[in-house]
Each structure stands twice: as structure tokens, then as C-alpha cells.
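Read in order, the letters of the sequence shown are residues 28 to 238 in my numbering. All C-beta atoms in this analysis are idealised placements derived from N, C-alpha and C, irrespective of residue type, glycine included. Because the structure is a prediction, the values reported are computed rather than measured. Below is one structure, written out as C-alpha cells; the observations come after it.
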Amino acid sequence: MHPEGAALIQHYFPEFDPKTIQQFEQLAPLYEYWNAKINVVSRKDLDELYLRHVLHSLAIAKAISFEPGTRIFDLGSGGGFPGIPLAIAFPDSAFILCDSIAKKTLVASEIVTSLGLKNVELYTGRSENVKGQYDYVVSRAVAVFPQIRNMTRHLLKNQKNISGKNAWICLKGGDINNEILGLKQVQVMQIQRWFNEPFFESKKVIYIPFQ
């Protein structure tokens with residue numbers, strides 16, 4: 028039988044400890060509860076929450092293992108993706124989840140509180156107004172990369188040379204060649220190399236060092 032729900036996460040991440048898996052198990056009832064009050068996830072996506080949102084977010088955890096103390100900025104986090112699953116997976120890293128729509132950050136904030144995540148902050152507003160320095164900017168289906176770079180370049184720790192430890196990490200689908208044209212040392216990783224679900228057939232993790 029094919030694993031579903033939180034078992035899907037455990038299947039692909041056998042290294043997660045019981046506490047981590049328990050936090051992932053709490054996501055479905057929490058999103059069910061809050062989505063009934065404030066619609067932030069479509070019904071179809073809610074029915075396949077662990078595949079379409081949680082596991083998709085965790086593709087970033089397959090692409091990179093954030094070191095303790097790493098600071099990550101989640102652009103356009105919506106109801107908390109990819110930030111919340113990543114914060115569960117990396118409890119020793121710090122995450123700020125940013126979205127301009129207040130009802131979405133409200134839901135994310137309530138879920139963060141219910142899970143007891145101490146490594147997450149929420150910001151309602153535009154990323155251009157955020158201050159602070161981060162090691163990585165992550166995003167999922169927010170905008171084309173040139174726009175993402177314009178919105179968040181000031182947030183990445185400015186380094187004179189291209190460095191793998193200071194980068195944008197984007198979850199993308201379809202043809203992204205025009206978005207990354209002219210960029211240096213870009214890594215395009217097919218998500219199906221880690222997760223063999225048909226849903227991920229055209230989906231990718233794009234790793235773009237600061238430049």
C-alpha cells in the first residue's frame with residue numbers, strides 16, 4: 028500500500044525522530060480547522076496536503092541541509108509553505124515567513140503556535156520593507172526569478188564572490204530556462220530524483236547562489 032498522510036513524510040525521511048513526525052501529523056487537523064475559518068488552501072490541495080504542500084516543501088530539505096544557526100527568509104509563504112515544514116525539519120535554524128495577505132499569516136501564526144515552533148517568526152507585508160540579513164531566501168511558485176531577486180536581494184548577506192552558502196532556493200515547475208538565463212552556477216534539481224510521485228514530474232528545486 029502506498030504511504031499517505033504523515034506516513035508519506037516518514038517514508039521519504041526515515042531519519043526524522045518521533046517528535047518531528049508527530050509535529051507533521053498535527054498539520055492535517057490544524058489546516059482542516061483553520062481552513063474552515065479562513066480559506067488559504069483549496070479543497071483538493073487540503074485533501075492531498077502532505078503530497079502537494081508538505082512533501083513538496085521538503086524537497087528543499089533534500090537539496091540542502093541547513094546548518095544550526097542558519098537564517099532563512101520564506102518569500103510569499105501564504106499559509107506557511109515551504110517555511111513551516113522546513114522549520115519542523117530544521118529546529119535549530121531560524122525562519123521568517125513573509126506574506127502580504129494578513130489572513131494567510133494569521134493562519135500560519137496560529138499553526139506555528141499550536142506546533143510549539145520556537146524558530147519561526149511571521150511578517151505581514153512586502154518583502155521590500157523587511158530589514159535584516161539572511162543566509163537563504165526560499166520560495167514556492169511566487170514569481171519569476173528576476174522579480175524574486177529584485178524583491179529580496181537586500182535580504183541576503185552580501186558577499187563579493189558567488190557562495191553556495193548565500194542563495195535563493197526556489198520551488199518551480201515547467202520551463203524555467205528564461206528565468207535563469209545568464210545566471211552563474213545555477214543548480215536545477217528534479218524533485219523526482221528524491222520523490223517518485225507523479226505529482227512531481229515537472230517540478231524542480233532551483234538553487235541560485237547570490238549574484
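key: Cβ-Cβ distance between Phe93 and Leu182 below 7 Å   = Here Phe93 is not near Leu182, since their CB atoms are 7 Å or more apart.
ask   = The beta strand (DSSP E) with Lys158 in it runs from where to where?
value = Neither: Lys158 is in no beta strand (DSSP E) and is coded neither H nor E.
request  = Count the other C-beta atoms from every protein chain shown that fall within 10 angstroms of the C-beta of Val81, then say buried if there are 16 or more, exposed otherwise.
outcome  = Here Val81 is buried: its Cβ has 16 or more other Cβ atoms, across all protein chains shown, within 10 Å.
message = Distance check for Leu57 and Ala33, CA to CA, integer angstroms please.
response = The straight-line gap from Cα to Cα measures roughly 13 Å.
key: Pairwise C-alpha distance: Asn62 and Ile235   = Rounded to the nearest angstrom, the gap between the Cα atoms of Ile235 and Asn62 is 33 Å.
ask   = Between Glu31, Leu78 and Ile65, which lies nearest to Pro109 when the distance is taken from Cα to Cα?
value = With distances taken between Cα atoms, Pro109 lies closest to Leu78.
request  = Taking only the alpha-carbon atoms, compute the straight-line gap between Ile123 and Val169 and give it to the nearest angstrom.
outcome  = Distance between Ile123 and Val169, taken at the CA atoms: about 16 Å.
ask   = What three-state label does DSSP hand Thr97 in the structure shown?
value = Correct three-state label for Thr97: coil.
key: Boundaries (first-last residue) of the beta strand (DSSP E) holding Lys231   = Element bounds for Lys231: Lys230 to Pro236.
message = Under 8 Å: do the region 150-170 and the region 196-205 share three or more Cβ pairs, one atom per stretch?
response = Yes, they touch.
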